[in-house]
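> Sharing a structure with you now.
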Amino acid sequence: MALVLEIPADSLPQAVFWGQDSLADVDLAEFNVSSGRPNASNGLDHPRPVALLPEAWTGWTGTAGLDGHRLGEAWSPQFTPEAISITETEGLGGSLVVTALDAIADLALTLEVEMVPSGLVRLRASVRNLASAPYIVDGLQLALPVPGYADDVLDLAGRWAKERVPQRSRFQVGTHLREGRHGRTGADAAFVLTAGESGFTFDRGEVWGMHVAFSGNHRTIAERVFTGERLLLGGELLLPGEVVLAQDESYSSPYIYATYGQGLDESAARIHEFLRARQGHPSSPRPVVMNVWEAVYFDHDRSKLFELAAVAAEVGVERFVLDDGWFGARRDDTAGLGDWYVSPDVWGDGGFESLVKQVTSLGMEFGLWFEPEMVNVDSDLARRHPEWMLQVPGRLPVEFRNQQVLDISHPEAFAYIRDSIVGLVREHGIRFIKWDHNRDLIDSGSTRTGRAGVHEQTLATYRLLREIREACPDLEIESCSSGGARIDLAILEHTDRVWASDCIDAHERQHIQRWTAQLLPPELVGSHVGAEQAHTTGRRLDLSFRAATALFGHFGIEWDLTSASAEDLAALTEWVNFYKSHRDLIHTGRMVRGSSEDDALWLHGAVSPDRARALYSVSLLERPVTWPTGRLRLPGLDEETLYHVFPTGPRSSDEFDPKVHPAWWSPNGVTLPGRVFSRIGVEIPALRVDHAALIGVERVGFAVGRSLDTHREGGIRA
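Residue numbers for the sequence shown follow the working numbering, so the first one is 320 and each next one is one higher.
Next comes the structure, spelled out in structure tokens:
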């Protein structure tokens, strides 16, 4: 991976090249990037490449990098580098910091560019006001160019319970603008905006991707202008007046992450490797989770919860999470939100402590649901402090799930939430928090400043999470936001996993998890086995498909196990044990994806870093036009390694049926070099729709020098 930059003496850094590293031994001094473009008719006399922070003074007529003014002045800055700092690490990328100045506009700029060991690039900019007059920042976007053959654009859309739906289009002239105005990342966020060669797939075609790491309002842009440049840009979307800099005050953009790959899987792998290398990345085996929401909803009957905990422990659950309804007057979603104390109406004297003791005595961690940033108007908190709700003068925002937003940028509100959570965690030995966030931030103004408050609210949320974790260092936190509406790399700096969607219908989850994986590795994505009939869709699915889908994530259960049959409990126990025996591979291996049969048949897999082991799941999601299916290639294996490939998973050794199973489908499997499986593929079972099969792979030796050809004659293999 390489990002080659030129830093002219009179302007900001410009990207010469971004892609596969093939330039290590090339001297680019004679390339003369700055003046290398031809002077087209009716164009600039001296064309300039677009900088990482595009500036209008260069003749650029696309989206500006810095959009701001000082009451109408200083609206078109021209930054000149003042100092440059370069840090190089042999074989591990490096970093660049450029400080620049516009002495006339009285503005200073700091531009940071870093390449981490996985080849992922991240950028950030800061602007500082040097004048006594205030400077209003309306936007600060950073850009990276993509080549002229990046003809396709892929990003994601979605809604509640159907997050991360891919949408692909041509990279046309104009601006492909994706704005998130939800005050949170959004179920419809672009997520990773990708440009690439026409027809790129998971394993083929060059692709360039960009992610805006911010949990509030944001912008992601793919822009192609009449002079031919194609850019990916991103930054925070600032509401009017949110950032006004006094003298010597600064505003920093969020980090922009940029990734490249030969295919979407390699592009995603750079992000996954970066996340896994973080100091705070979860390193212990991801425990099997039982969340009780779809088992009991608001009905916190103590005897039912005690019974549910006992059954959960029997099937192998390691973390038991009590969801919404345990506090204050919260018997439904209309009241009590914000009153963070154990409800005496529900638990009486000592009932809550008894449940915690029951859970821990059964060998499980205890987890608890909170929604710290929200409040019901019908709550003691709102009645005491109506000024703590984000609002515009004279009116509250429209209600959204019977909720308003608590202004945690208000110091007293911040302290109340922090101290309430820390007190409960310490008192009850809580090890896990499901941190929910169930409404958009609409008309979210601060009663302290009178200004729009999304920017301050987002930064205050990060600070709140950080202070709680500092006070409770053993605590793990999940980011949940109406399911998957707050998933980004900034919230992942403060949390240990995300809840991908409130929909745990396995058919829908196949889609949601497939595209969530473009950003996050499976150990960070909560994935649960639900009831036979999905609560959000009504679809009925077999346990084997529900469990096989949940397997490729942070595995859990969200199902009333007290109503499950003995047969289902026995099968679920087998799946829990299978997850425990394979989670090290799933949570450290390289993710691979594939499809065939007009995208009706999907493959998802994990290949160990040394390529000695792999686990693949093959799922049929639609009835294909032709039948039976053709061979399916197994990506990610080493071509010269000898592998044993075999069916795996609970009950995979059921009686062989030649109408269903291919000839090799037995515990003995088949042993061949990796190039056979990656180039030719294997026959798979004749699956029914919404069913899956698991394929295990183990290295048994090396096939170096061994040819598959037993005889060649006339160019035909025999």
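Just so you know, even glycine gets a beta-carbon here, dropped at the ideal spot from N, CA and C. Since the model is a prediction, treat every value here as computed from it, not as a measurement.
(1) Please report the straight-line C-alpha distance between Leu760 and Gln710, rounded to a whole angstrom.
(2) Ends of the alpha helix (DSSP H) at Ile796?
(3) Is the separation between the beta-carbon of Ala480 and that of Asp879 shorter than 7 Å?
(4) Over the uninterrupted alpha helix (DSSP H) stretch that includes Val615, give me the two end residues.
(5) Return the Cβ separation of Thr429 and Ala444 in integer angstroms, given the expectation that the two are a contact with Cβ distance under 8 Å.
(6) Where Ala321 and Ala334 are concerned, what is the direct C-alpha to C-alpha distance, given to the nearest angstrom?
(7) Opposite Trp337 in the DSSP bridges: which residues?
(8) What do you get for Lys978, buried or exposed, if any count of 16 or more other CB atoms within 10 angstroms of its CB means buried?
(9) Helix, strand or coil for Lys481, going by three-state DSSP, please let me know.
(10) List the whole-angstrom C-beta distance separating Glu797 from Lys753, where the pair is believed to meet the contact cut-off of C-beta under 8 Å.
(11) In whole angstroms, give me the CA-to-CA distance for Ile727 and Ile787.
(12) In the DSSP assignment, what residue or residues form a beta bridge with Ala370?
(13) Skipping 5 residues on each side, what residues in its chain have a beta carbon closer than 6 Å to that of Phe625?
(14) Cβ of Glu775 within 6 Å of any heavy atom in the ligand GTP?
(15) From Pro834 to Arg483, what distance separates their C-alpha atoms?
(16) With distances taken from CA atoms, which of Asp643, Phe521, Val544 is nearest Asp584?
(17) Going by CA-CA distance only, name the one from Gly875, His501, Ala867 that's closest to Gln776.
(18) Quick one: give me the first and last residue of the alpha helix (DSSP H) that Ser586 is part of.
(19) I need the straight-line Cα distance from Ala629 to Arg702, nearest angstrom please.
(20) Count the other CB atoms within 10 Å of the CB of Trp337; is the residue buried (16 or more) or exposed (fewer)?
(21) Quick check: what's the CA-CA separation for His923 versus Val432?
(22) What residue range is occupied by the uninterrupted alpha helix (DSSP H) comprising Leu784?
(23) Starting from Gly670, trace the alpha helix (DSSP H) both ways and give me its first and last residue.
(24) One question on the structure: do Glu401 and Thr382 come within less than 7 Å of each other, judged by their Cβ atoms?
(25) Within 10 angstroms of the Cβ of Glu706, are there 16 or more other Cβ atoms? Answer buried if so, exposed if not.
(26) Buried or exposed for Arg909, please, with buried defined as at least 16 other CB atoms from any protein chain shown within 10 angstroms of its CB.
(27) Can you tell me whether DSSP reads Ala628 as helix, strand or coil?
(28) What is the residue span of the beta strand (DSSP E) that Arg909 lies within?
(29) For the alpha helix (DSSP H) containing Tyr898, list its first residue and its last residue.
(30) Please classify Trp612: is it buried, with 16 or more other beta-carbons within 10 angstroms of its beta-carbon, or exposed?
(31) Which residue marks the beginning of the beta strand (DSSP E) containing Thr967, and which one marks its end?
(32) Tell me the DSSP secondary structure of Glu842 in three-state form.
(33) Give every residue of the same chain whose Cβ lies closer than 7 Å to the Cβ of Pro485, excluding the five residues on either side of it in the sequence, and list them in chain order.
(34) Helix, strand or coil for Val995, going by three-state DSSP, please let me know.
(35) If you drop the 5 nearest sequence neighbours on each side, which residues of the same chain put their C-beta closer than 6 Å to that of Glu801?
(36) In terms of residues, what are the limits of the beta strand (DSSP E) holding Gly742?
In brief:
(1) For Leu760 and Gln710, the distance between alpha carbons rounds to 10 Å.
(2) Careful: Ile796 lies outside any alpha helix (DSSP H), inside the beta strand (DSSP E) at 795–798.
(3) In this structure, Asp879 does not lie closer than 7 Å to Ala480 by Cβ.
(4) Where Val615 is concerned, the enclosing alpha helix (DSSP H) stretches over 612–615.
(5) About 7 Å separates the beta carbon of Thr429 from that of Ala444, a gap short enough to meet the 8 Å contact definition.
(6) If you take the alpha carbons of Ala321 and Ala334, they lie about 11 Å apart.
(7) For Trp337, the beta-bridge partners assigned by DSSP are Leu322.
(8) Result: exposed.
(9) Secondary structure of Lys481 (DSSP, three-state): strand.
(10) Going by Cβ atoms, the distance from Glu797 to Lys753 rounds to 5 Å, so yes, they are a contact pair.
(11) Ile727 and Ile787: Cα-Cα distance of roughly 14 Å.
(12) DSSP output for Ala370 lists Gln333 as bridge partner(s).
(13) So the list reads Gln677, once near-sequence residues are dropped.
(14) Summarising the ligand content, the structure contains no ligands, and the ligand GTP is consequently not present.
(15) Note on residue identity: the sequence assigns Trp, not Pro, to residue 834. Each residue's alpha carbon lies about 6 Å from the other.
(16) Minimum Cα distance to Asp584 is reached at Phe521.
(17) When C-alpha distances from Gln776 are compared across Gly875, His501, Ala867, the shortest belongs to His501.
(18) Ser586: member of the alpha helix (DSSP H) spanning 583–595, first to last residue.
(19) Distance between the alpha carbons of Ala629 and Arg702: 39 Å.
(20) Burial check for Trp337: the Cβ neighbour count within 10 Å reaches 16 or more, so the residue is buried.
(21) Between His923 and Val432, the alpha-carbon positions lie close to 33 Å from each other.
(22) Here the alpha helix (DSSP H) through Leu784 covers 773–790.
(23) From DSSP, the alpha helix (DSSP H) with Gly670 extends over 670–680.
(24) Contact annotation: Glu401 and Thr382 have beta-carbon atoms that are not nearer than 7 Å.
(25) Exposed, by the Cβ-count rule.
(26) Looking at its Cβ environment, which holds 16 or more other Cβ atoms inside 10 Å, Arg909 is buried.
(27) It is helical.
(28) Looking at the DSSP string, the run of the beta strand (DSSP E) that includes Arg909 is 909–915.
(29) For Tyr898, the enclosing alpha helix (DSSP H) starts and ends at 885–905.
(30) Burial is judged here by how many other beta carbons sit within 10 angstroms of a residue's own beta carbon; Trp612 has at least 16 and is buried.
(31) Run containing Thr967: 960–967, per the beta strand (DSSP E) assignment.
(32) Look at Glu842 here: in three-state DSSP terms it is helix.
(33) Leu473, Leu475, Trp834, listed in sequence order.
(34) DSSP places Val995 in helix when its eight states are reduced to three.
(35) According to the sequence shown, residue 801 is Ser rather than Glu. Shown here for Ser801: same chain residues with a beta carbon closer than 6 Å to its own, the five before and five after excluded, namely Trp479, Asn757 in chain order.
(36) Counting along the chain, Gly742 falls outside any beta strand (DSSP E), though it belongs to the alpha helix (DSSP H) covering 730–747.
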